[in-house]
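One structure below.
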DNA sequence: ACAAAAGTGTTTGGATTACACCCATGA
DNA sequence: TCATGGGTGTAATCCAAACACTTTTGT
């Protein structure tokens, strides 16, 4: 409570009133899609990492800034996807706070989704949160305000843009295996894909470099080959879209 | 100038500071795609119809409100597509006005695009504009601030969503001809389409009702048949997407 | 030997592309 | 009769889906 009031003072000076940003940070690990969430200091609800916009700051830069603070990572793939502006988005949420509290004002929030390499991120809570963790998209905890809705919208956008944006490139580590790539596509699209066809299709796009290494996994199996996106080819291919007709 | 100051007074009371909306209103007429623009009282630059958000108003409702004021039409197809938040979007534009002027504050604007039946719209200027007119998308006049950029972004979004949103349905009058429909698609996609294939594809979707009328055009040609979208079928078809693979 | 990974083959069906042809019709 | 619109035919091609078979390889 005191923490909020303390931050409120300077927020009124530093930031644009009525505009906030929220980031849906996607990561891929252990064959599941994850979202970075913050847990409040006082309650058990979770929230999206977000922030406010400096008086002279570009909104994209504001998103980049929070991303960097929360993940430690730079050059994160970031895409604005939607503004959320219901007048009662935060209703009840700050009811026990004074009306002069910054956070209690009405905010139109601009939603960004970010795609990060899970292995390069070190989650860090912000000053009003007790922890910052990856949460499985299939098993989200209870979220504040309309944050669940914002995540759903981000996921829908992600699905629609899978063939038009460098999504695989941004979510996977530098080196990855074909089964990992396929699982990522299956999770985003929400359905199983045929292995052989997926392999052929991906190779047909000519956007992957096959490496001379393989990953020693623990199991009693053949160790899978490692691949890497060929950045130039990938981006060139995406500029035309990986498919589509008309 | 006085007009601005007069409006400014009440704006500070009625609206959310720092958030505005701008609408890119598309219409289709004479085989060309058009955008509804407003001309300022004092200069020769044109602007998108837009407005501010009431203290207790939903952002979508704010867009609906301006649309209705500018076009007289209701139930307009509306889609939010992007927020624009560069800190210097309006730089220089209000430089000769006092700093307390509402319009001179920094605004993050939320872009909407609207699709209207050209024949049902009666353009009406707002209180700070001298006129409100349809302008050909291929031949836009000089625009204020970043409004040209906003239109370009709206058009890009429109193109991407052609197969997923009821775009033809919203842009054409109730009754239309096959060549009109094809031209609309060609303009949005920016390329020629094969006539026979287009005809078959459209009819194959089973979303058009063929009418027993034809349009008497002036020329020495066969008068084209009229068609109408079958609303139920169209929306049902779009919910699955008119194509796509994966 | 077993299980996962890699790579390829094949068949089927559908959709797209690109033409081309014929008919209708209004001035 | 000419230009446009309406409607269909067709062959080439490409792609996706589904399935199956083989080989490789780490334990």
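Residue numbers (the numbering used here), protein chains in the order written: chain A, 1 to 246; chain W, 1001 to 1246. Beta carbons: idealized from backbone N, C-alpha and C, even for Gly.
Using a 10 Å radius around the Cβ and a threshold of 16 neighbouring Cβ atoms, would you call residue i buried or exposed?
i	result
residue 136/A	exposed
residue 1141/W	exposed
residue 226/A	buried
residue 1168/W	buried
residue 71/A	buried
residue 1099/W	exposed
residue 79/A	buried
residue 189/A	exposed
residue 12/A	exposed
residue 1146/W	buried
residue 1089/W	buried
residue 1117/W	buried
residue 1130/W	exposed
residue 1180/W	buried
residue 1248/W	With chain W covering only 1001 through 1246, there is no way to say anything about residue 1248/W.
residue 31/A	exposed
residue 27/A	buried
residue 1062/W	buried
Which of the three DSSP states, helix, strand or coil, is assigned to residue i?
i	result
residue 1184/W	helix
residue 1038/W	strand
residue 1092/W	coil
residue 1211/W	strand
residue 1248/W	Nothing about residue 1248/W can be reported from this structure: the residues present for chain W run from 1001 to 1246 only.
residue 1033/W	strand
residue 1197/W	helix
residue 97/A	coil
residue 1105/W	coil
residue 1078/W	strand
residue 144/A	coil
residue 21/A	strand
residue 1057/W	coil
residue 1191/W	coil
residue 1063/W	helix
residue 955/W	Because chain W is modelled from 1001 through 1246, residue 955/W falls outside the range shown and cannot be assessed.
residue 1238/W	helix
residue 1047/W	strand
residue 1027/W	strand
residue 83/A	strand
residue 1016/W	strand
residue 127/A	coil
residue 122/A	coil
residue 226/A	strand
residue 1115/W	strand
Since residue i meets chain A, which of its residues come closer than 8 Å, beta carbon to beta carbon?
i	result
residue 1058/W	85, 86, 87
Using a cut-off of 8 Å between C-beta atoms, extract the partners of residue i located in chain W.
i	result
residue 53/A	1085, 1108
Taking 7 Å as the cut-off, is the CB of residue i close to at least one heavy atom of the ligand ADP?
i	result
residue 10/A	Judged by which ligands are present, the structure shown has none, so any question about the ligand ADP falls away.
Review point. Taking one C-beta from the region 1108-1116 of chain W and one from the region 1080-1090 of chain W each time, how about it: are there three or more such pairs within less than 8 Å?
Key: yes
Check your understanding: Mind listing which residues of the region 1070-1083 of chain W have their C-beta closer than 7 Å to chain A's C-betas, in chain order?
Key -> 1080, 1082, 1083
Exercise for review: With 7 Å as the C-beta to C-beta threshold (strictly closer), list the residues of the region 2-23 of chain A near chain W in chain order.
Suggested key: Answer in chain order: 16, 17, 18, 19.
Check your understanding: With a cut-off of 8 Å, do at least 3 Cβ pairs link the region 1202-1209 of chain W to the region 1155-1163 of chain W?
Key -> no
Check your understanding: What are the residues of the region 1086-1113 of chain W that lie near chain A, defined by any Cβ-Cβ distance shorter than 8 Å?
Key -> 1086, 1087, 1106, 1108, 1110
**Study point:** Three or more C-beta pairs below 8 Å linking the region 1051-1066 of chain W and the region 34-44 of chain A
**Key:** no
Exercise for review: For the region 1123-1138 of chain W and the region 1030-1037 of chain W, state whether three or more C-beta atom pairs, one from each stretch, are separated by less than 8 Å.
Suggested key: yes
Check your understanding: Can at least three beta-carbon pairs, one atom from the region 1015-1033 of chain W and one from the region 1049-1063 of chain W, be found at a separation below 8 Å?
Key -> yes
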